[in-house]
Amino acid sequence: MKNEYLPIPAVIENIIEESPDAKTFILKPKDNTILRYNPGQFLMLSLPGYGEAPFTFASCPSKNGLFEISVRNVGTLTSSLHRLKVKDIIGVRGPYGNTFPLDKLKNKDIFFVAGGCGIAPLRPLIQYVLKNKKAHKRVEIIYGCRAPKDIFYKRELELWKKDSIVHLTVDEPDEKWGGTCGVVCVLFPKIKLNPKNSLVFLCGPGVMIKFAIKDILKLGFKENNIYASLERYMKCGLGKCGHCYVKGKYVCLDGPNFSYTQMKELGIES
Amino acid sequence: MKKLFITKDNLIELVIRLKKDCDEFIAPKKEHLDDIIFGDTKNSNDELLDYEGNSVISPRAFLLPQSEPLFEIKSSKKCVFVPVEDKKSRIFYGVRPCDIKALILMQKFFTDDFIDLPYQQKLERSTFIALACGKRCLAKSFCHLMAAGPVAKEGFDLQIIPVSRGFLVESGSKKGKQIVKRNKTLFSLARPQDEKEVRDRLCSFAEKSEKLDFIALSRTMAQDKVKEEIWDDIGQRCVVCSGCITLCPTCSCFSIVDRLSNDKGLRFRYCDGCPYAGFTRMAGESTPFPQHKDHIRRFFEHKLNIDVERYGTPSCVGCGRCIQTCPGNISIRKFVEQVANSL
Chain A
235 MKNEYLPIPA
245 VIENIIEESP
255 DAKTFILKPK
265 DNTILRYNPG
275 QFLMLSLPGY
285 GEAPFTFASC
295 PSKNGLFEIS
305 VRNVGTLTSS
315 LHRLKVKDII
325 GVRGPYGNTF
335 PLDKLKNKDI
345 FFVAGGCGIA
355 PLRPLIQYVL
365 KNKKAHKRVE
375 IIYGCRAPKD
385 IFYKRELELW
395 KKDSIVHLTV
405 DEPDEKWGGT
415 CGVVCVLFPK
425 IKLNPKNSLV
435 FLCGPGVMIK
445 FAIKDILKLG
455 FKENNIYASL
465 ERYMKCGLGK
475 CGHCYVKGKY
485 VCLDGPNFSY
495 TQMKELGIES
Chain V
839 MKKLFITKDN
849 LIELVIRLKK
859 DCDEFIAPKK
869 EHLDDIIFGD
879 TKNSNDELLD
889 YEGNSVISPR
899 AFLLPQSEPL
909 FEIKSSKKCV
919 FVPVEDKKSR
929 IFYGVRPCDI
939 KALILMQKFF
949 TDDFIDLPYQ
959 QKLERSTFIA
969 LACGKRCLAK
979 SFCHLMAAGP
989 VAKEGFDLQI
999 IPVSRGFLVE
1009 SGSKKGKQIV
1019 KRNKTLFSLA
1029 RPQDEKEVRD
1039 RLCSFAEKSE
1049 KLDFIALSRT
1059 MAQDKVKEEI
1069 WDDIGQRCVV
1079 CSGCITLCPT
1089 CSCFSIVDRL
1099 SNDKGLRFRY
1109 CDGCPYAGFT
1119 RMAGESTPFP
1129 QHKDHIRRFF
1139 EHKLNIDVER
1149 YGTPSCVGCG
1159 RCIQTCPGNI
1169 SIRKFVEQVA
1179 NSL
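From first to last, the protein sequence lines are chains A and V. Each residue of the first sequence is one higher than the one before, starting from 235 at the first, in the numbering used here. Each residue of the second sequence is one higher than the one before, starting from 839 at the first, in the numbering used here.
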């Protein structure tokens, strides 16, 4: 029988600086295991001596076994992770959690709303949707950051713009910024999706999710077509440690992706 | 199945024989303050064959210890991890029916969805001998309301029920039947008056109290119909001493930490719990439940609502340990009765 707590070693194949406090790590299991995951799922990352933390896969599954995670430097584990170099080794286990409702995507308009590093969990789904772009009439992405320097995946945004409409906004513009300023909600009037036939995917800080959903509902989107990828403290990813428990659900097993209908049942707004 | 009978002398002999078959014989014994605790008596031979009341801490502590290694870190730099396994076989003797019910629930929980291997492995090497209760243990216990006592219905390998002329013995599993088979000269058939004695005791134990409608109680909690004043009061009384989560036989939450010396060490899990403010705190200090009353509320909801929905029975077994230990005088029994009466 498998000891689910035992991670496997993975090699850091490359590191990309996304912003002054965030890096993307491109990883590959040392024994060439291919982690079979779907967009929206997460892994537990181990840094022996510092423990474990959950990170959502930030890239679509690839045939060569490489996968990416994007990490902001906010705590002890993440700051130690930021000190690592290419070819260093970390531990991984997973995938865990549910996936975005991929079976519901077909023929729907797709609306992504991301705040800060919340773009990372949505990225595999954005890549997936844009790869199957014929299945969707319209795809729009709203992405809000603190400042222009905090925008992730700048190298990929141009590619996304070919097949979708990407709206960016920042709270603190610099001199060069000519775009929108303010929270993600200020961009909602600009979207041209059909609310009756759309799926919405959100990820970002709790306050963003809370207020964005309120505005999205006002635009006529349906509650059960709005999905948010939620963040909770978790230690095991297996529904055992209890940290991510909300009203009988475990964010690690039943989530991290919940429809707004489910969120209301759980009495949570973000 | 027909119940068997064993005399006190033969039970002593059975214990001597059982000790030869296990690495640890976990049984109740008296501490210096006259408290009952479970400990290994294989060599000390100071176990109590029968005792009054219940142990301070339930035998859960041997299956989900305060801290235990999950695996060995052979090299932290190279991420070389090696499994560790607790290979000791244990016979648990004298476990109270409430704690037996708790162990059933813990087993369900730890083998649901993902199997928790460290728990499962210990369980596979364990034998449970229940000891039915002769009388109510604490004034604060209420196992009869929570369908958890005074006699266990399932979840044991053997159950010993004290009667005036000795003990009735009931086997509840293949393991239990084998023990009886291997030692059959120690047993005789129970007499009708022994069984009558047990039935009479069950009647007097239940007093006149009605069995709790825990389905209705669970529904009330799910619908958020418990008065906010009750949660406010509980929140004010809780001083986060962690007594309840330490003593509760069905508390299972834990955290994980690495202990390294140079490049080598162990990854441990240690018991953690919902009353602590840091239990749900995320990176960057944000927390989904900022209010203290919501932390302790979770303890109640888990035991009385969520597990009823999940397993069809509450995971509060009415042992009364949390009430006995609480410095703020919080009582899950009073809560249960208050909410049940308001239905």
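No residue lacks a Cβ here, since even glycine has one placed at the ideal position from N, Cα and C. This structure is a prediction, so every number in the text was calculated from the model and none was measured.
Cα-Cα separation, residue i to residue j
i: residue 418 of chain A; j: residue 462 of chain A; result: 15 Å
i: residue 351 of chain A; j: residue 951 of chain V; result: 30 Å
i: residue 314 of chain A; j: residue 281 of chain A; result: 8 Å
i: residue 1037 of chain V; j: residue 997 of chain V; result: 15 Å
i: residue 1014 of chain V; j: residue 504 of chain A; result: 50 Å
i: residue 276 of chain A; j: residue 356 of chain A; result: 12 Å
i: residue 1109 of chain V; j: residue 477 of chain A; result: 12 Å
i: residue 902 of chain V; j: residue 499 of chain A; result: 32 Å
i: residue 273 of chain A; j: residue 359 of chain A; result: 5 Å
i: residue 850 of chain V; j: residue 887 of chain V; result: 8 Å
i: residue 1000 of chain V; j: residue 1136 of chain V; result: 37 Å
i: residue 944 of chain V; j: residue 1144 of chain V; result: 14 Å
i: residue 1052 of chain V; j: residue 984 of chain V; result: 8 Å
i: residue 972 of chain V; j: residue 893 of chain V; result: 15 Å
i: residue 262 of chain A; j: residue 250 of chain A; result: 15 Å
i: residue 1163 of chain V; j: residue 1132 of chain V; result: 21 Å
According to DSSP, residues forming a beta bridge with residue i
i: residue 491 of chain A; result: A/463
i: residue 483 of chain A; result: A/480
i: residue 401 of chain A; result: A/376
i: residue 1094 of chain V; result: V/1107
i: residue 248 of chain A; result: A/260
i: residue 950 of chain V; result: Looking at the DSSP assignment, residue 950 of chain V forms no beta bridge with any residue, so it has no partner.
i: residue 902 of chain V; result: Its beta-bridge partners do not exist; DSSP assigns none.
i: residue 929 of chain V; result: V/863, V/965
i: residue 278 of chain A; result: A/288, A/327
i: residue 868 of chain V; result: V/874
i: residue 885 of chain V; result: According to DSSP, which records beta bridges pairwise, residue 885 of chain V is partnered with nothing at all.
i: residue 919 of chain V; result: V/911
Closer than 8 Å to chain A by CB, residue i
i: residue 1153 of chain V; result: no
i: residue 1147 of chain V; result: yes
i: residue 879 of chain V; result: no
i: residue 898 of chain V; result: no
i: residue 1134 of chain V; result: no
i: residue 902 of chain V; result: no
i: residue 1072 of chain V; result: no
i: residue 908 of chain V; result: yes
i: residue 1144 of chain V; result: yes
i: residue 1055 of chain V; result: no
Residue i Cβ short of 7 Å to the ligand HEM heavy atom set
i: residue 985 of chain V; result: With respect to the ligand HEM, the structure shown offers nothing to examine, as it has no ligands at all.
Residue span of the alpha helix (DSSP H) that contains residue i, given as start and end
i: residue 1035 of chain V; result: 1030–1043
i: residue 1081 of chain V; result: 1081–1085
i: residue 817 of chain V; result: In the structure as shown, chain V begins at 839 and stops at 1181. Residue 817 of chain V is therefore absent and cannot be evaluated.
i: residue 1175 of chain V; result: 1170–1179
i: residue 1145 of chain V; result: 1145–1149
i: residue 343 of chain A; result: Where residue 343 of chain A is concerned, there is no enclosing alpha helix (DSSP H), although the beta strand (DSSP E) it sits in stretches over 343–349.
CB contact check: residue i to chain V, cutoff 8 Å
i: residue 467 of chain A; result: yes
i: residue 284 of chain A; result: yes
i: residue 477 of chain A; result: yes
i: residue 332 of chain A; result: no
i: residue 418 of chain A; result: no
i: residue 335 of chain A; result: no
i: residue 312 of chain A; result: yes
i: residue 489 of chain A; result: no
i: residue 320 of chain A; result: no
i: residue 498 of chain A; result: no
i: residue 400 of chain A; result: no
Extent of the continuous beta strand (DSSP E) to which residue i belongs
i: residue 894 of chain V; result: No beta strand (DSSP E) contains residue 894 of chain V, which DSSP labels as neither H nor E.
i: residue 1068 of chain V; result: Careful: residue 1068 of chain V lies outside any beta strand (DSSP E), inside the alpha helix (DSSP H) at 1066–1075.
i: residue 437 of chain A; result: 432–437
i: residue 999 of chain V; result: 996–1001
i: residue 1006 of chain V; result: 1004–1009
Cross-chain neighbours of residue i in chain D, by beta carbon under 7 Å
i: residue 911 of chain V; result: As a matter of chain content, chain D is missing from the structure shown, whose protein chains are A and V.
Beta carbons nearer than 9 Å to chain A: which residues of the region 941–970 of chain V have them?
947, 948, 950, 951, 952, 953, 954, 955, 956, 957, 958, 959
So if I threshold CB-CB distances at 8 Å, which residues from the region 915–936 of chain V count as touching chain A?
915, 916, 917, 918, 919, 921
Near-chain A residues of the region 1114–1131 of chain V (beta-carbon distance less than 7 Å), N- to C-terminal order
1117, 1118, 1119, 1120, 1121, 1122, 1124, 1126
Residues in the region 1084–1095 of chain V with C-beta within 8 Å of chain A's C-beta atoms, listed in sequence order?
1090, 1091, 1092, 1093, 1094, 1095
Interface residues of the region 840–858 of chain V facing chain A [CB-CB below 7 Å]
none
Give, in chain order, every residue of the region 344–358 of chain A whose Cβ lies closer than 9 Å to some Cβ of chain V.
none
For the region 439–455 of chain A, which residues have a CB atom closer than 7 Å to at least one CB atom of chain V, in sequence order?
440
Using a Cβ-Cβ cutoff of 8 Å, what residues of the region 370–383 of chain A are near chain V? List them in chain order.
none
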